[in-house]
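A.B. asks: Input: one structure, supplied below.
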Amino acid sequence: MTSKRLGKIVVWVRRVVQGLSLALFFWLFWAARFYDEGEPGRLIDLFFDLDPLVLAATWLAAHAVPAAALLALITLGLTLVFGRVFCGWVCPLGTIHHFATWLGHVMRRPRPKPQPYSRWQNAKYYLLVGLLIMALFGAHWIGVFDPISLLYRATATALYPAVQYAVEGGATAVYQADPHIGPLHLTAVTEPVYRFSRDHVFVTDRQVFTGGTLIGLLFAAIVVLNLYRRRFWCRYVCPLGGLLGWLSQRQMLRLVNAPNPCKECGRCAISCPAGASPEQPGQWRPSECFGCWNCVTSCDFDALAFKFASPFRALSNAKVDLGKRATLAAGAGGIAGLLLLRVGPQAQGRTYNPALIRPPGAREEREFLKRCLQCGLCMKVCPTNGLHPTGLDAGLEGLWTPKLVPRIGYCEYNCNLCGQVCPTEAIEPLAIEKKQEVKIGLATIDTTRCLPWAYGRECIVCEEHCPLSPKAIYFQTKEIQNRDGARVVVKQPYVDPDLCTGCGICEAKCVFRDRPAIRVTSANETRHPDNQPILPALEGK
Amino acid sequence: MAWQSRREFLKWTAATGSTMALAPLGIPAAEETKPLDMVIVRHKAGQGGPVEDNAAVDQMARVMVEKAIEAMGGMGRFVNKGDVVWIKPNIAWDRRPEQAANTNPVLVATLTKLCLGAGAKKVKVGDRPCNEAKKTYPRSGIEAAVREAGGEIVYLDMNRFKDYEVGGKRLRKWPLYPEIIESDLVINVPIVKHHNIPQATLCMKNYMGVAGGKRAQWHQDLATCLADITAFMKPRLSVLDATRIMTRNGPTGGSLADVKRMDTVAAGTDVVALDAFGAELLGHKPEDIKTVTAGQQAGLGQMDYRKLALREIDVT
Numbered sequence: 245m246t247s248k249r250l251g252k253i254v255v256w257v258r259r260v261v262q263g264l265s266l267a268l269f270f271w272l273f274w275a276a277r278f279y280d281e282g283e284p285g286r287l288i289d290l291f292f293d294l295d296p297l298v299l300a301a302t303w304l305a306a307h308a309v310p311a312a313a314l315l316a317l318i319t320l321g322l323t324l325v326f327g328r329v330f331c332g333w334v335c336p337l338g339t340i341h342h343f344a345t346w347l348g349h350v351m352r353r354p355r356p357k358p359q360p361y362s363r364w365q366n367a368k369y370y371l372l373v374g375l376l377i378m379a380l381f382g383a384h385w386i387g388v389f390d391p392i393s394l395l396y397r398a399t400a401t402a403l404y405p406a407v408q409y410a411v412e413g414g415a416t417a418v419y420q421a422d423p424h425i426g427p428l429h430l431t432a433v434t435e436p437v438y439r440f441s442r443d444h445v446f447v448t449d450r451q452v453f454t455g456g457t458l459i460g461l462l463f464a465a466i467v468v469l470n471l472y473r474r475r476f477w478c479r480y481v482c483p484l485g486g487l488l489g490w491l492s493q494r495q496m497l498r499l500v501n502a503p504n505p506c507k508e509c510g511r512c513a514i515s516c517p518a519g520a521s522p523e524q525p526g527q528w529r530p531s532e533c534f535g536c537w538n539c540v541t542s543c544d545f546d547a548l549a550f551k552f553a554s555p556f557r558a559l560s561n562a563k564v565d566l567g568k569r570a571t572l573a574a575g576a577g578g579i580a581g582l583l584l585l586r587v588g589p590q591a592q593g594r595t596y597n598p599a600l601i602r603p604p605g606a607r608e609e610r611e612f613l614k615r616c617l618q619c620g621l622c623m624k625v626c627p628t629n630g631l632h633p634t635g636l637d638a639g640l641e642g643l644w645t646p647k648l649v650p651r652i653g654y655c656e657y658n659c660n661l662c663g664q665v666c667p668t669e670a671i672e673p674l675a676i677e678k679k680q681e682v683k684i685g686l687a688t689i690d691t692t693r694c695l696p697w698a699y700g701r702e703c704i705v706c707e708e709h710c711p712l713s714p715k716a717i718y719f720q721t722k723e724i725q726n727r728d729g730a731r732v733v734v735k736q737p738y739v740d741p742d743l744c745t746g747c748g749i750c751e752a753k754c755v756f757r758d759r760p761a762i763r764v765t766s767a768n769e770t771r772h773p774d775n776q777p778i779l780p781a782l783e784g785k
Numbered sequence: 031m032a033w034q035s036r037r038e039f040l041k042w043t044a045a046t047g048s049t050m051a052l053a054p055l056g057i058p059a060a061e062e063t064k065p066l067d068m069v070i071v072r073h074k075a076g077q078g079g080p081v082e083d084n085a086a087v088d089q090m091a092r093v094m095v096e097k098a099i100e101a102m103g104g105m106g107r108f109v110n111k112g113d114v115v116w117i118k119p120n121i122a123w124d125r126r127p128e129q130a131a132n133t134n135p136v137l138v139a140t141l142t143k144l145c146l147g148a149g150a151k152k153v154k155v156g157d158r159p160c161n162e163a164k165k166t167y168p169r170s171g172i173e174a175a176v177r178e179a180g181g182e183i184v185y186l187d188m189n190r191f192k193d194y195e196v197g198g199k200r201l202r203k204w205p206l207y208p209e210i211i212e213s214d215l216v217i218n219v220p221i222v223k224h225h226n227i228p229q230a231t232l233c234m235k236n237y238m239g240v241a242g243g244k245r246a247q248w249h250q251d252l253a254t255c256l257a258d259i260t261a262f263m264k265p266r267l268s269v270l271d272a273t274r275i276m277t278r279n280g281p282t283g284g285s286l287a288d289v290k291r292m293d294t295v296a297a298g299t300d301v302v303a304l305d306a307f308g309a310e311l312l313g314h315k316p317e318d319i320k321t322v323t324a325g326q327q328a329g330l331g332q333m334d335y336r337k338l339a340l341r342e343i344d345v346t
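Just so you know, the protein sequences line up as chains D and F, in that order. Residue numbers for the first sequence follow the numbering used here, beginning at 245 and rising by one. Residue numbers for the second sequence follow the numbering used here, beginning at 31 and rising by one.
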C-alpha cells in the first residue's frame, strides 16, 4: 500500500474519531443536569479528567487533585508516543477549529497560500510558562485559556442558551400570535416540534447568564481567527497545545521522507494546518504537528510517511527553541501578572464583595481560586439557574468563576449538585446534610422598600418560601395607621442571622424584581470567618 | 344547596325523580340518593401513629378517599365518559411525603384511578410549584404514584400560560394555564397546612397553582385574590388531604415535628365549607380566617359546613 493510500484511511479514521469525540463532549454536556434519582456521575467530567493542563496547574496550585484527574496521564502517555494527537484527534475545541479551517479552505477563492511555521507559534509556550508560574503561586488562570474549559464555558453560558432561546422563543411567539388561515393553525406544526425539543432535546429549562454575551463573542472571535491563520488558536495560543507540544519533542511516531525523496512541490505545506514544516525535508517540527496526516495524503510522490523511531534519537529540528531570555521574561510576566492581580483589597482579604456569593461548599477564596477552572459546569447543572460567571466581582483573578445571583435563581435547599460535578473540587462534594449547614450569605431586609415596612401592606412572601424549620425569617405584627386614618395590622419580616444560610430564595421570590426588598450578601459565609459579622450562636441553639 | 353545574342538577333530578316514582310502590325513598355536599372520613385505627409511617398513612389515605368519593355518590357523579380530568394537588415544595408539605401521593393516585374507572379519557396531574418542579414532582412521590396509576404527569410550561379574563375584584386579567382551564373537570386536592398570611392554606389557596405571572403579589390582599380565582375556577369537587397536617412553620415545614397525624380526608363540592373544616383541624375558628369569610361573602360557599348535606364516616 502506498503512503498516500494509507494516509487516506488514517485521515478518515481521524475524522470519525474527531466527530465522535465532539459528539461525546456535547452529549456529556447535555447529560450534566439534575436527575430525579442519583447523580450524573464523574463521567461528565471526562474531558477535564483527560486534560493534563488541568492536572498540572491544579497540582501546582493546590497540591491536590481528585483521583479521576490522573486519567490525564493517559493523554501524556499517548503524547509521548504519537505527539499532539490529542489536539488533532480528540480535543473538541480543536475539532471545531479544524472544521472552521476546512470550511475557510474550501470556501475561499483563490485558495489560501501555505501558512508556514512562524516564530509567533512560540507564544503558546510563553503563555504556558506564565500561567504555570502563576499557578505555582496559587492563581489558577489556566481555565481562561484551557481549551476544554473555554469550550465548556462558551457552550454553557452562550451557545446552548442561544440555541434554546431561538427554538423555544420562536415557537412561543408563534403560539402567542397564533397565525392561522381559517381552521389551519401554524401551531399545529410548531407545537409538536416545540414539545419534542423541550422534552427530549433540551430537557432542562431555558437558562440565562450574566456576561454570556461577552463569553460568546470571544468564542466567536477565536473561531473566526481560523480564516486568518489555520487553527489560529491551536498554533499560537493554546497552553494545552504548548504543554503537549513540549512533550512531543521526542515523540516516537515521526514524519520522514520515505520511501521516495521529496520533490519540493510544496503541496504538503498547503495542507498542513499546524505550520509544522512538512515541506522542508528533515526539518519537520513534531511539537507543532497535530498528527492529522493531511500532508501524507497530499503527497503525490509517496515521499512522506509516519514511521516509529526510538525516543532516544533526537530529531534535528525537534527542540522547542524558546530562548532563555524570552522564557525568563515569560516567567517574570507571570509573576508580574500575579502581583498585579493581588494588589486589590479584595485579593488580600481586606474587603469582601457583598455580591460574591459562592456556591455552597466553595472553599475559602484563595483555595477556591487555586482550583476553579472557570468551566461553567456548576452553572450548567444549577437547577434554578442561580449560578453565573462573575465579571470582576472576584477581581480579574476570579474572572468567570461562579457566583450565586439570587435575583435570577436561588440555592435549592435539597441540592448539592454543583459540588458533585466540579472537576477539581473547588466546590467540595458535600453530603446533602453537610451542605444544608453551610452558610453562603445572609439576607438583609430593605425596610425602605419592603411592603409591610415601607408601604403598610401585607406580603411576607419571603417568610413563606424560607426552607428552614424553624424559619430564618420571622415577623412582628405591627398596627399602623394608613393615610385614611384607618388602623391596619401588618406583619413586618425580620431575619434571624443565626439561622439564615443565605440561600436567596427570599430574594428570588420578592415581589420587587428590580431591586428586591430582601437581599442576600456574602456576609456571614461559613468559608470566611473574617467576613462574619455575627457572633456564633450559643451552644445548643 | 347550590348546584355547581347543570349536569349535576340533571343527575340529581333524575335520581330523585326515580325515587319519587318508586314511592307509591311502598319502597322507602332512599336518603342516600340525595347527593351529599360534603363527606368527612376519619380513620380511627391509625390516629396518633408516627408521622413517618408512610406505609400505614398511604394505605389509610387510599381507603379514606375511596370511602369519601363513594359517599359523595361515586366519581361518576363528577366524571363523564371521555372527560379530560385535571387533578390539582399541592406539589409546591421540594419535600418528602412525610414532611406533609405536599399532598399525599397515594391519595392523588387513588383519585386518578377512580377517575379512569369512571370513564375519564385522560387524567392529568400538575401544579405550578414554588421550588423547581423537577425537584418537587419526584420528591413528593406524586410523579411515580400517578404514573403507576395510569395518570399523566404534566410539568407546567412557563412559556404556555395565557391571559384570561378572570373578572374579579383584584384579578381582572391574569395568566393561567390553558391546559388546566380547558379540562372538563378540575379536582382540587390540597393538603391542610399552616401558613402565616391566611393562617391556613387549604382549597382556595391551592388554586394559586393554576396561575402564572407574579402571583406573589396576591399576598397583599390574599382573601380577595383567592375569592376571585376560586370564582373563576367554579369548583365542583375538592378533596382535602388531612392524613397528615402541617401545624407550624408552614407552608414549607421541613421538620417532622411540624407534622401531625390526622388520618382524615374530606371531600365536597363546597370549597368554603372544606376550608372551614380544615381551619378547625389547625385549631382556628373559621370566622377568623380571612379567606374563608371572603369566600362566604363572595357567595362561593357556606362556612358553617354542618348546615350542608354532610356525612361523617368513621373507618376502623
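Every residue gets a Cβ at the ideal spot worked out from N, C-alpha and C, and that includes glycine. Note that the structure is a prediction, hence the values are computed from the model and not measured.
Could you check what DSSP says for Lys371(F) in three-state terms: helix, strand or coil?
C.D. replies: As displayed, chain F neither begins before 31 nor continues past 346, which places residue 371(F) out of reach and without an answer.
A.B. asks: Hey, would you say Ala305(D) sits closer than 8 angstroms to Lys678(D), going by beta carbons?
C.D. replies: no
A.B. asks: Counting Cβ pairs closer than 8 angstroms, one from the segment 401 to 408 of chain D and one from the segment 444 to 464 of chain D, do we hit at least three?
C.D. replies: yes
A.B. asks: Does the beta carbon of His429(D) sit closer than 8 angstroms to a beta carbon anywhere in chain F?
C.D. replies: no
A.B. asks: At the 8 angstroms Cβ level, is Val705(D) part of the contact set with chain F, yes or no?
C.D. replies: yes
A.B. asks: Classify Ser766(D) as buried or exposed, calling it buried when 16 or more other Cβ atoms lie within 10 Å of its own Cβ.
C.D. replies: buried
A.B. asks: Taking only runs that begin and end inside the segment 287 to 367 of chain D, name each unbroken alpha helix (DSSP H) of 4 or more residues, in chain order.
C.D. replies: 290 to 293, 296 to 306, 316 to 326, 336 to 351
A.B. asks: Would you check if the distance between the CB atom of Ser285(F) and the CB atom of Cys233(F) is smaller than 8 angstroms?
C.D. replies: no
A.B. asks: Can you tell me the Cβ-Cβ gap for Arg249(D) and Trp537(D), rounded? I've got them flagged as a contact below 8 angstroms.
C.D. replies: Actually they are not in contact, since the Cβ atoms of Arg249(D) and Trp537(D) sit about 12 angstroms apart, beyond 8 angstroms.
A.B. asks: Tell me which same chain residues have a C-beta within less than 6 angstroms of the C-beta of Trp697(D), skipping the five on either side of it?
C.D. replies: Thr691, Gln736
A.B. asks: Where do the N-terminal and C-terminal ends of the beta strand (DSSP E) with Lys568(D) fall, by residue?
C.D. replies: Lys568(D) -> not in any beta strand (DSSP E); alpha helix (DSSP H) instead, spanning 568 to 586.
A.B. asks: From the DSSP output, in three-state form, read off Gly251(D) for me.
C.D. replies: helix
A.B. asks: Using a Cβ-Cβ distance cut-off of 8 angstroms, determine whether Asp289(D) contacts chain F.
C.D. replies: no
A.B. asks: Using a Cβ-Cβ cutoff of less than 6 angstroms, which residues in the same chain neighbour Trp477(D) once the five nearest sequence positions on both sides are dropped?
C.D. replies: His341, Ile466
A.B. asks: Over the uninterrupted alpha helix (DSSP H) stretch that includes Thr721(D), give me the two end residues.
C.D. replies: No alpha helix (DSSP H) contains Thr721(D), which is instead part of the beta strand (DSSP E) from 717 to 725.
A.B. asks: Name the one or two DSSP bridge partners that His772(D) has.
C.D. replies: Paired residue(s): none; His772(D) is not in a bridge.
A.B. asks: Based on Cα-Cα distance, which residue from Gly642(D), Thr721(D), Gln720(D) lies nearest to Ile386(D)?
C.D. replies: Residue Gly642(D) is the option with its Cα nearest to Ile386(D).
A.B. asks: At a Cβ cut of 9 angstroms, what residues of the segment 184 to 217 of chain F count as close to chain D, listed as they run along the chain?
C.D. replies: Residues Tyr185, Asp187, Met188, Asn189, Arg190, Lys192.
A.B. asks: Count the CB pairs spanning the segment 197 to 215 of chain F and the segment 159 to 166 of chain F that are closer than 8 angstroms, and state whether there are at least three.
C.D. replies: No, because fewer than three Cβ pairs between the segment 197 to 215 of chain F and the segment 159 to 166 of chain F fall closer than 8 angstroms, the two stretches do not touch.
A.B. asks: Could you name the residues of the same chain whose beta carbon sits closer than 6 angstroms to that of Asp88(F), not counting the 5 residues immediately before and after it, in chain order?
C.D. replies: Val136
A.B. asks: Under the rule that 16 or more other beta-carbon atoms within 10 Å means buried, what is Pro773(D), buried or exposed?
C.D. replies: exposed
A.B. asks: Could you check whether Cys662(D) and Pro603(D) sit closer than 8 angstroms to each other, using their CB atoms as the reference points?
C.D. replies: yes
A.B. asks: Is DSSP giving Glu681(D) helix, strand or coil here?
C.D. replies: helix
A.B. asks: With distances taken from CA atoms, which of Tyr396(D), Lys568(D), Arg474(D), Pro760(D) is nearest Ile652(D)?
C.D. replies: When the alpha-carbon of Ile652(D) is set against those of Tyr396(D), Lys568(D), Arg474(D), Pro760(D), the nearest one is in Pro760(D).
A.B. asks: From Asn156(F) to His314(F), what does the alpha carbon distance come to, in whole angstroms?
C.D. replies: Reading the sequence as shown, one finds Gly at residue 156(F) and not Asn. One C-alpha to the other measures close to 29 angstroms.
A.B. asks: Taking a Cβ distance cut-off of 8 angstroms, strictly less, list which residues of the segment 265 to 292 of chain D are near chain F, in chain order.
C.D. replies: Phe278, Asp280, Glu281
A.B. asks: Would Asn726(D) be called buried (16 or more neighbouring beta carbons within 10 Å of its own) or exposed?
C.D. replies: exposed
A.B. asks: Does the beta carbon of Glu227(F) sit closer than 8 angstroms to a beta carbon anywhere in chain D?
C.D. replies: Note that residue 227(F) corresponds to Ile in the displayed sequence, not to Glu. Yes, Ile227(F) counts as interfacial toward chain D.
A.B. asks: Which value, in whole angstroms, describes the spacing of the CA atoms of Leu782(D) and Arg126(F)?
C.D. replies: 30 angstroms
A.B. asks: Near Lys357(D), what residues of its chain come up, given a Cβ to Cβ distance below 8 angstroms and the 5 sequence neighbours on each side ignored?
C.D. replies: Ile514
A.B. asks: Using a threshold of 8 angstroms, state whether the C-beta atoms of Arg701(D) and Val733(D) are closer than that.
C.D. replies: no
A.B. asks: Residues of chain D with CB under 9 angstroms from Thr273(F), in chain order?
C.D. replies: Correct list: empty, because the minimum Cβ distance to chain D is about 20 angstroms.
A.B. asks: Would you check if the distance between the CB atom of Val682(D) and the CB atom of Thr628(D) is smaller than 8 angstroms?
C.D. replies: no
A.B. asks: Asp271(F) by DSSP, collapsed to three states: which one?
C.D. replies: In this structure, Asp271(F) counts as strand in the three-state DSSP scheme.
A.B. asks: Checking 8 angstroms against the spacing of the C-beta atoms, do Val109(F) and Ala150(F) come in under that value?
C.D. replies: yes
A.B. asks: 8 angstroms is my cut-off, CB to CB: does Thr282(F) come that close to chain D?
C.D. replies: yes
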